[in-house]
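Q: Quick one: the structure is below, questions incoming.
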Amino acid sequence: MTGYEATLRMFELDEEITKVSKDLSKTKDAKERLVLEAKLDALDVEFITLKHKLSKITLPYNDN
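Residues -10 to 53 (our numbering) make up the sequence shown, in order.
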């Protein structure tokens, strides 16, 4: 995965996290809440993993 692809995936994850968070706030069913919380946790882990991988990238630049 390139840095560009990772960045795009992070934007997708952010949208998914927002949607799942909204769904979680609306639901009253305990089982559904557990499922949504697990999904949210998995999305968070993927997002943070990509964030840390991107923070290790150094880009060459020219001082000219």
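Here a beta-carbon is modelled for each residue, glycine too, at the ideal position from N, C-alpha and C.
Within 10 Å of its beta-carbon, does L48 have 16 or more other beta-carbons around it, so buried, or fewer, so exposed?
A: In the sequence shown, residue 48 corresponds to position 59, counting from 1. It counts as exposed.
Q: What distance in whole Å lies between the Cβ atoms of L13 and E26, which are believed to be in contact at a cut-off of 8 Å?
A: On the sequence shown, residue 26 is found 37 positions in, with the first residue counted as 1. On the sequence shown, residue 13 is found 24 positions in, with the first residue counted as 1. Indeed they touch by this definition, with Cβ atoms about 7 Å apart.
Q: Below 8 Å CB to CB, which residues in the same chain sit around A31 once its five sequence neighbours on both sides are set aside?
A: Numbered from its first residue, the sequence shown carries residue 31 at position 42. Excluding residues within five positions, none has a Cβ falling inside 8 Å.
Q: Reducing DSSP to helix, strand and coil, say where T38 ends up.
A: To locate residue 38, count along the sequence shown from 1; it is residue 49. It is helical.
Q: Buried or exposed: V34, going by 16 or more other Cβ atoms within 10 Å of its Cβ?
A: Counting from one through the sequence shown, the residue named residue 34 turns up at place 45. V34 comes out exposed.
Q: If I measure Cβ to Cβ from R22 and keep anything under 6 Å in the same chain, skipping five residues before and after, which residues do I get?
A: Sequence index remark: in the sequence shown, residue 22 carries index 33 (1-based). Cβ neighbours of R22 beyond the five flanking positions: T16.
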